[in-house]
């Protein structure tokens, strides 16, 4: 069995040990939305006139960088929401800030990743429901502010909400090997490597962009839960501390662990061994044949 639920649901229900931060320490959740009808030319001019860098995030959250990120451009927006809160167009305590895509050439669609809501547990169905309500309400206030203050948005309207709530953080298994902040930040190496991932950290107050060529190896042991046999875990629920999770939660790393879990499961059946007992050398050889860089 491969648990790619994102919340380690199968592992938890099977009795595998896991860790989960208190609700008020979990990373935020997001309702992604998109607008249509945005006039591309004036909107692009507005973005050009209001350039933002990753350092601008620090005005909203306590974000630590390595310094090299401070001058990197980003699509961060805060000015229209600050005005909307001041003018009473949205609640004064509504923390809408975020990023958006450029307007599309065809119908002026802009994708918005604008709300980041704390205090929701992705393993609690009641919290998930509440977050969907709260996030959609915030998205509508976001559109209202953009229409009022951003050139090109005058005739914009909601196109769609994301099909499901965007979540970032919940259960992490206690695996045979557990990645640490040191592994991620100091180029950790493992004999049972199933692939490499750049020094890319996004979460829990840190933002390190992958622009140096530095990387760490992801160990197969991080996919193997303790106490439950013939179960592998892929995706953001692999074993590691909260800072390692800020790297392994990235979609690219989830793809890496998913590919390795699939290959390991196939080898376990072929070799008639449990999934946690596959020959690591055979696993690495199979992954290399598929184009995976192991070291």
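Numbering (the numbering used here), first residue to last: 155 to 449.
Note that the Cβ used here is the ideal one computed from N, Cα and C, for glycine as well.
For residue i, three-class secondary structure by DSSP
| i | result |
| --- | --- |
| residue 318 | coil |
| residue 363 | coil |
| residue 384 | coil |
| residue 347 | strand |
| residue 246 | coil |
| residue 402 | helix |
| residue 395 | coil |
| residue 307 | coil |
| residue 329 | strand |
| residue 224 | helix |
| residue 157 | strand |
| residue 170 | coil |
Residue nearest to residue i in terms of C-alpha spacing, selected from the options
| i | options | result |
| --- | --- | --- |
| residue 279 | 163, 355, 334 | 163 |
| residue 242 | 431, 206, 311, 295 | 295 |
| residue 451 | 353, 331, 335 | Coverage of the chain is limited to positions 155 through 449, which leaves residue 451 absent and any answer about it impossible. |
| residue 255 | 248, 265, 385 | 265 |
| residue 375 | 406, 343, 369 | 343 |
| residue 249 | 217, 277, 289 | 289 |
| residue 205 | 227, 338, 184, 217 | 227 |
| residue 186 | 168, 156, 317, 178 | 317 |
| residue 312 | 192, 180, 438, 449 | 192 |
| residue 390 | 233, 402, 293, 220 | 402 |
| residue 208 | 218, 202, 358 | 218 |
| residue 300 | 392, 260, 321, 251 | 251 |
| residue 395 | 314, 349, 448, 337 | 337 |
| residue 222 | 257, 436, 360 | 360 |
| residue 333 | 314, 392, 358 | 392 |
| residue 382 | 161, 166, 160, 159 | 166 |
| residue 353 | 284, 155, 404 | 404 |
| residue 370 | 170, 398, 263 | 398 |
| residue 273 | 448, 436, 321, 350 | 321 |
| residue 357 | 281, 400, 372, 198 | 400 |
| residue 298 | 268, 319, 199 | 268 |
| residue 175 | 161, 169, 184 | 161 |
| residue 196 | 270, 293, 310, 158 | 310 |
| residue 171 | 270, 380, 232 | 380 |
| residue 308 | 411, 348, 190 | 190 |
| residue 348 | 282, 385, 435, 257 | 435 |
Residue range of the beta strand (DSSP E) that includes residue i
| i | result |
| --- | --- |
| residue 373 | 369-373 |
| residue 356 | 355-357 |
N- and C-terminal bounds of the alpha helix (DSSP H) containing residue i
| i | result |
| --- | --- |
| residue 416 | 405-425 |
| residue 234 | 233-241 |
| residue 164 | 163-167 |
| residue 335 | 335-339 |
| residue 435 | 434-443 |
beta-carbon residue i near the ligand GTP non-hydrogen atom, thresh 7 Å
| i | result |
| --- | --- |
| residue 438 | The ligand GTP is not part of the structure shown, which contains no ligands of any sort. |
Residue-level contact to chain D via CB, residue i, 8 Å cutoff
| i | result |
| --- | --- |
| residue 377 | Among the chains of the structure shown, chain D does not appear; only one protein chain is present. |
For this session: Please go through the stretch 173-202 and give each complete beta strand (DSSP E) segment of 3 or more residues, from N-terminal end onward.
Result: 187-190
For this session: Would you list, in sequence order, the uninterrupted beta strand (DSSP E) runs of no fewer than 3 residues that lie entirely inside the stretch 250-304?
Result: 252-254, 264-267
For this session: Evaluate the contact criterion for the stretch 314-334 versus the stretch 414-427: three or more CB pairs, one atom per stretch, below 8 Å.
Result: no
For this session: Say whether the stretch 425-441 touches the stretch 353-371, bearing in mind that this needs 3 or more beta-carbon pairs closer than 8 Å, one atom from each stretch.
Result: no
For this session: Determine, using beta-carbon pairs with one atom in the stretch 162-182 and one in the stretch 233-247, whether at least three such pairs fall under 8 Å.
Result: no
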